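> I'd like to ask some things about the structure below.
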Amino acid sequence: MSPPKSSGGPRKQTPLIVIRDKRRIDPVTLELRAADSGTSEHTETGGSGSGTPGGSPAAGSSAEHSRLAERTADLQRLKAEYDNYRKRVERDRLAIREIAVVNVLRGLLPVLDAIDQARDHGDIDPGLRAVADALETQLAALGLQEVGAPGEPFDPTRHEAISYQQSDEIDQPTCTIVLRPGYRVGQHLLRPAQVTVSEPPDLAEPG
570 MSPPKSSGGP RKQTPLIVIR DKRRIDPVTL ELRAADSGTS EHTETGGSGS
620 GTPGGSPAAG SSAEHSRLAE RTADLQRLKA EYDNYRKRVE RDRLAIREIA
670 VVNVLRGLLP VLDAIDQARD HGDIDPGLRA VADALETQLA ALGLQEVGAP
720 GEPFDPTRHE AISYQQSDEI DQPTCTIVLR PGYRVGQHLL RPAQVTVSEP
770 PDLAEPG
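Right, dumping it as structure tokens:
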């Protein structure tokens with residue numbers, strides 16, 4: 570009698586069920602379990618990859634600080650150049666304005682001379698006197714100052730001596746008579762004052 574034949578193909582093996590205890594704390598010893606090799610390798614690999622490519626984090630931070638210092642120095646240099654440029658433009662603007670005022674006032678000096686002569690002769694009418702006063706007020710607001718007054722020490726940079734005379738009452742050359750006033754604006758002398766100068770006898774020229 571022949572053995573019974575198998576009715577099907579190869580038998581299927583029942584898969585083994587593997588239970589892994591993933592608890593980090595050992596329930597018996599209550600101690601922290603060591604990580605397995607896979608976790609350790611993953612941790613080490615992840616740790617090495619988290620650094621700065623091509624160098625350590627400290628090297629990257631140093632490079633950033635260096636670049637920041639260079640940019641800050643560039644900005645400070647640009648600011649200093651702009652401040653110098655702004656000051657130079659303002660200085661040039663004031664100089665141009667002062668030169669323009671000087672040219673205008675120099676052209677008005679003959680008008681002031683005519684007003685002074687009319688006052689000296691007493692033939693200036695009230696209407697013209699009001700105009701003259703207003704003109705002189707506006708010119709003074711522009712910085713016009715009169716140069717030369719009796720009793721001032723003689724200064725050849727501000728006075729033009731027309732004549733000399735001796736006097737025992739003074740100890741230095743002194744303006745005694747102003748023949749024509751001078752004018753200035755700031756440091757600009759529009760014209761010197763024409764004066765008569767008195768000087769002590771010991772300074773008089775011999776013969």
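So the numbering used here is basically just the index in the sequence shown, starting at one, shifted up by 569.
Note that the Cβ used here is the ideal one computed from N, Cα and C, for glycine as well.
Keep in mind it's a predicted model, so treat the numbers as computed, not measured.
What span of residues does the alpha helix (DSSP H) with I751 cover, start to end?
What you label residue 751 is simply residue 182 of the sequence shown in a count that begins at 1. The sequence shown places Gly at residue 751, rather than the Ile named in the question. G751 -> not in any alpha helix (DSSP H); beta strand (DSSP E) instead, spanning G751 to V754.
> Given a cut-off of 8 Å, decide if T745 and P770 are closer than it, judged by their beta-carbon atoms.
Within the sequence shown, the letter at position 201 stands for residue 770. Within the sequence shown, the letter at position 176 stands for residue 745. Contact: no.
> So, at 8 Å on beta carbons, what are the nonlocal neighbours of D685 in its own chain, with the 5 sequence-adjacent residues on each side left out?
Working through the sequence shown from its first residue, we reach residue 685 at position 116. Cβ neighbours of D685 beyond the five flanking positions: P750.
> Have a look at Q735, I668, E738 and D661 and flag the residue whose alpha-carbon is nearest the alpha-carbon of L713.
Numbered from its first residue, the sequence shown carries residue 713 at position 144. Ranking the options by Cα distance to L713, first place goes to I668.
> Answer with buried or exposed for H728, where buried requires no fewer than 16 other C-beta atoms within 10 angstroms of its C-beta.
Working through the sequence shown from its first residue, we reach residue 728 at position 159. Under this definition H728 is a buried residue.
> Three-state secondary structure (DSSP) at R675?
Residue numbering aside, residue 675 sits at position 106 when the sequence shown is read from its first letter. If DSSP states are grouped into helix, strand and coil, R675 belongs with the helices.
> Can you give me the C-alpha to C-alpha distance between P722 and V766, rounded to a whole angstrom?
One-based indexing of the sequence shown puts residue 722 at position 153. One-based indexing of the sequence shown puts residue 766 at position 197. Between P722 and V766, the C-alpha separation is close to 9 Å.
> Please name the residue, chosen from Q756, A762 and R698, that lies closest to T743 on a Cα-to-Cα basis.
Locating residue 743 in the sequence shown gives position 174, counting from the first residue. Cα-wise, what sits closest to T743 is A762.
> Secondary structure at A709, three-state DSSP: helix, strand or coil?
Looking up residue 709 in the sequence shown gives position 140. In this structure, A709 counts as helix in the three-state DSSP scheme.
> Excluding the 5 residues flanking I739 on each side, which residues of the same chain have their C-beta closer than 8 Å to its C-beta?
In the sequence shown, residue 739 corresponds to position 170, counting from 1. Excluding residues within five positions, the ones whose Cβ falls inside 8 Å are S767, E768 and P769.
> The beta strand (DSSP E) that contains T726, what's its start and end?
Within the sequence shown, numbered from 1, the residue matching residue 726 stands at position 157. Here T726 belongs to no beta strand (DSSP E), and DSSP marks it neither H nor E.
> Leaving out five residues on either side along the sequence, give the residues of the same chain with a beta carbon under 8 Å from the beta carbon of V754.
If you number the sequence shown from 1, residue 754 lands on position 185. The answer, listed in chain order, is E667, V670, V671, L674, L711, G712, L713 and Q714.
> Assign E738 to one of three DSSP states: helix, strand, or coil.
One-based indexing of the sequence shown puts residue 738 at position 169. In this structure, E738 counts as coil in the three-state DSSP scheme.
> Just to confirm the assignment, what range does the beta strand (DSSP E) spanning R760 have?
Here residue 760 refers to the residue found at position 191 when the sequence shown is read from its first residue. That run of the beta strand (DSSP E) goes H757 to R760.
> Could you check which residue in R655, L748, E650 and R657 has the C-alpha nearest to that of S732?
As a position in the sequence shown, residue 732 is number 163, starting the count at 1. Of the listed residues, the one whose Cα sits closest to S732 is L748.
> Does the beta-carbon of V764 have 16 or more other beta-carbons within 10 angstroms, so that it is buried, or is it exposed?
To locate residue 764, count along the sequence shown from 1; it is residue 195. V764 is buried by the Cβ-count criterion.
> Can you list, in chain order, the residues of its chain whose CB lies under 6 Å from that of R655, leaving out five sequence neighbours each side?
Reading the sequence shown from its first residue, position 86 is the one you call residue 655. Correct list: empty, nothing qualifies.
> Using the rule of at least 16 other Cβ atoms within 10 Å of the residue's Cβ for burial, across every protein chain shown, is G676 buried or exposed?
The residue labelled residue 676 in the question sits at position 107 within the sequence shown. Its Cβ having fewer than 16 others within 10 Å, G676 is exposed.
> Would you kindly work out how many angstroms separate the C-alpha atoms of S635 and T641, rounded to a whole number?
Taking the first residue of the sequence shown as position 1, residue 635 is located at position 66. Taking the first residue of the sequence shown as position 1, residue 641 is located at position 72. Roughly 10 Å separates the two Cα atoms.
> In or out: L708 buried (at least 16 other Cβ within 10 Å) or exposed?
Residue 708 sits at position 139 when you count from the first residue of the sequence shown. Burial call: buried.
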